[in-house]
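Under the numbering used here, read the sequence shown as residues 1 to 533, first letter to last.
Working notes, structure below.
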Amino acid sequence: LRRLLAETWGVESPVVLDPMAGGGSIPFESLRFGFRTYANELNPVASFVLQGTLVLPARLGPGFAEEIARWGARWAKRVEERLDRFFPRQSGESIQAYIFARTVACPETGKPVPLAPNWWLRKGKDAVAVRVVADPELEECRFELVRGDSIDFDPDVGTVKRGEGRSPWTGATIPGDYIKSEARAGRMGAQLYAVAVKTSQGRDFRLPTTTDLAALEAAETELARQLPVWEAADLIPDEAIPYGSKTSDPIRYGMETWREIFSPRQLLVLGTAVEELRRLQEESRGELDPDRVAALGTYLATGLDKAVDYNALLCTWEVSRQIAKHVFQRHDFSFKWSFAEFDGAHNLLPWAVRQVVDAYRGIANLVEPSRMSLFPGRPEQAADLVEVRRGDAASLPYGDGSVYAVVVDPPYYDNVQYAELSDFFYVWEKRTVGHIYPEFFASELTDKAREAVANPARFEALDKKKAKALAQADYEKKMTKVFAEAYRVLGDDGVLTVMFTHKKVEAWDTLGNSLIEAGFEIEASWPVHTESE
């Protein structure tokens, strides 16, 4: 490769820039080749991720994975000791997930209606479903597990469809507007109807016991006790969820602050985890050098991010794969009628830490050959090859003609509203790594105004009918500025490579116009198969 580059550009090691670096795949490959690499990114959450995917693996190498695992195990153990009583287990079982249905009061009887789109727990030859029993003598529905050939009802028929409910007490329709109004009034609850477990015989399900239900109540009481302390210490995100293209759904169902996306027990788990993480970060100062203290805090905070994503009211039980699915199954905050909760005492943090350790080890092992070959005496100097900068891609601090290659995978028009979605993590990261990366977490929430996406919600207040057209014009204007800046920093024989996949013609039209207006000449295009067969 170096010989080819020398023949093409006259240098073996060109300067490579990704002005919209995201999670860092492009600068990571540049770093592996040993090139001088600039990774620029506006979004603070992505900027934080870039530290973990680029700078720290290059500096610390694969061996740091053991440090993350050791301290992560200590962190998980402390959280388990504090929360064990809120997640009781029967002998010989590990709890995979608690499965709940959201509830509202039946308009006629006042009794809680469990709202679920279907009642499947598992499909196939060993199918398991839940039968809802609404006995008039009961104050709330009870449930029965029905298996295999004994399933004599249609579990696909739930108690909610297209936003409207059906009361099992009366059979009457519950209007969607009524459900939303109850939710916004704070009267939407949740009812535990099944527990997914693992035993020596494999995966199975059981009904919740009185002990399970008592633990839920105890957790709610404990949260009420802890909240004043946590609020004073700013441990829990109480920022309001701003209205946007993707945040309108939770707001419509009464979730007005980021903490309201979590049930009381989930919030108790996460608050405890943040509190213990802060203590652990302080302890690590006595055992590790400052660089490793910051790196450890970075990766354990990433573990908390993983826990937040998999332990919220927007998580679901995946019937086909028998797993709990995370919040971002799609690029939105779609409301979930039934949700799955991890065992927050025994399973959540150990699993999250393992995920981070595996990811770190894999990334660091890919960088290691370059570290050792380019800097045989001081491999940590490989980190000096990469510069991570948080800032607008339309205003870069690099000199005219100083870059050989700009390689970028830009935002795809209206496909993903990055800032709106990343607030979900930002509000937690601000509390776990804000002291390590104050330059990333100075504002209350992420910057929506400057990001280059087509977001109609930003223009609805100006003109609701023209919001989409205004968003398109805003995207084209911003992308033109980004590409004009790329044109400026590129040398005369420099090359811009753009990755772009979008189904809409207007998205391609807008991108093409931006490239041409910035002064570029499109010389080639390659179709790349990126989707799973």
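The C-beta atom is built at its ideal place from N, Cα and C for all residues, glycine as well.
Inset, instruction - Round the Cβ separation of residue 333 and residue 348 to the nearest angstrom and send it over; I've been treating them as touching at under 8 Å. - result: About 21 Å; that fails the 8 Å criterion.
Inset, instruction - Could you spell out where the alpha helix (DSSP H) holding residue 176 opens and where it closes? - result: Note, residue 176: alpha helix (DSSP H), 176-184.
Legend entry - Check whether residue 178 and residue 101 have beta carbons under 7 Å apart: no
Inset, instruction - Just the C-alpha distance for residue 228 and residue 50, rounded to the nearest angstrom, thanks. - result: Residue 228 and residue 50: Cα-Cα distance of roughly 34 Å.
Legend entry - Residue interval of the beta strand (DSSP E) (run including residue 112): 112-115
Inset, instruction - Consult DSSP for residue 284 and reduce its assignment to one of helix, strand or coil. - result: helix
Legend entry - Cβ neighbour criterion (16 or more within 10 Å) applied to residue 372: exposed
Inset, instruction - Would you mind working out which of 9, 25, 47 and 59 sits nearest residue 374, comparing C-alpha positions? - result: 59
Legend entry - Cβ shell of residue 230 (< 6 Å), same chain only, five flanking positions each side left out: 236 and 271
Inset, instruction - Measure from the alpha carbon of residue 142 to the alpha carbon of each residue in 191, 249, 105 and 107, then state which is nearest. - result: 191
Legend entry - Rounded straight-line distance, which links the Cα of residue 409 to that of residue 6: 26 Å
Legend entry - Opposing strand residues paired with residue 99 [DSSP bridges]: 194 and 340
Legend entry - Beta carbon of residue 109 nearer than 7 Å to that of residue 169: yes
Legend entry - DSSP bridge partner residues for residue 105 (one or two, in chain order): DSSP output for residue 105 lists 112 as bridge partner(s).
Inset, instruction - Taking only the alpha-carbon atoms, compute the straight-line gap between residue 430 and residue 274 and give it to the nearest angstrom. - result: Those two C-alpha atoms are separated by around 11 Å.
Legend entry - Counted within 10 angstroms of its Cβ, other Cβ atoms place residue 505 as buried (16 or more) or exposed: By the neighbour-count criterion, in which 16 or more other beta carbons inside 10 Å mark a residue as buried, residue 505 falls on the exposed side.
Legend entry - Beta carbon of residue 345 nearer than 7 Å to that of residue 156: no
Inset, instruction - Look at the alpha carbon of residue 343 and the alpha carbon of residue 387, and state the distance between them as a whole number of angstroms. - result: 39 Å
Legend entry - Alpha carbon of residue 90 to alpha carbon of residue 165, nearest angstrom: 34 Å
Inset, instruction - Give the straight-line distance between the Cα atoms of residue 381 and residue 309, rounded to the nearest whole angstrom. - result: 34 Å
Legend entry - residue 437 burial status per 10 Å Cβ neighbour count (16 or more: buried): buried
Legend entry - residue 97 beta carbon less than 7 Å from that of residue 359: no
Inset, instruction - Scan the stretch 321-385 and note each continuous alpha helix (DSSP H) run of 4 residues or more that stays entirely inside, going in chain order. - result: With a minimum length of 4 residues, the continuous alpha helix (DSSP H) runs that stay inside the stretch 321-385 are 348-374.
Legend entry - Nearest neighbour of residue 480, chosen from 250, 501 and 514 [CA to CA]: 514
Legend entry - residue 69 (DSSP reduced to helix, strand or coil): helix
Legend entry - Close beta carbons around residue 530, own chain, < 8 Å, minus the five adjacent residues each side: 501
Legend entry - Outcome for residue 458 when other beta-carbon atoms lying within 10 angstroms are tallied against a minimum of 16: buried
Inset, instruction - Given a cut-off of 7 Å, decide if residue 223 and residue 159 are closer than it, judged by their beta-carbon atoms. - result: no
Inset, instruction - Return yes when the Cβ of residue 337 is within less than 7 Å of the Cβ of residue 14, no when it is not. - result: Between residue 14 and residue 337, the C-beta gap is not smaller than 7 Å, which leaves the two residues out of contact.
Inset, instruction - Using alpha carbons as the reference points, say which of 510, 330, 466 and 123 lies closest to residue 535. - result: Nothing can be reported for residue 535: it is not among the residues displayed for the chain, which extend from 1 to 533.
Inset, instruction - Find the nearest neighbour of residue 70 within the set 284, 470, 439 and 512, judged by alpha-carbon distance. - result: Closest by alpha carbon: 284.
Inset, instruction - Could you tell me which residues DSSP puts in a beta bridge with residue 161? - result: 164
Legend entry - CA nearest to the CA of residue 17, picked from 494, 518 and 279: 494
Inset, instruction - Compute the Euclidean distance between the alpha carbons of residue 9 and residue 413, then round it to the nearest angstrom. - result: 33 Å
Inset, instruction - Measure from the alpha carbon of residue 208 to the alpha carbon of each residue in 24, 269, 95 and 187, then state which is nearest. - result: 95
Legend entry - 6 Å CB neighbourhood of residue 394 in its chain, flanking five on each side removed: The beta carbon of residue 394 sits closer than 6 Å to those of 481, 482 and 485, all from its chain and outside the five residues before and after it, given in chain order.
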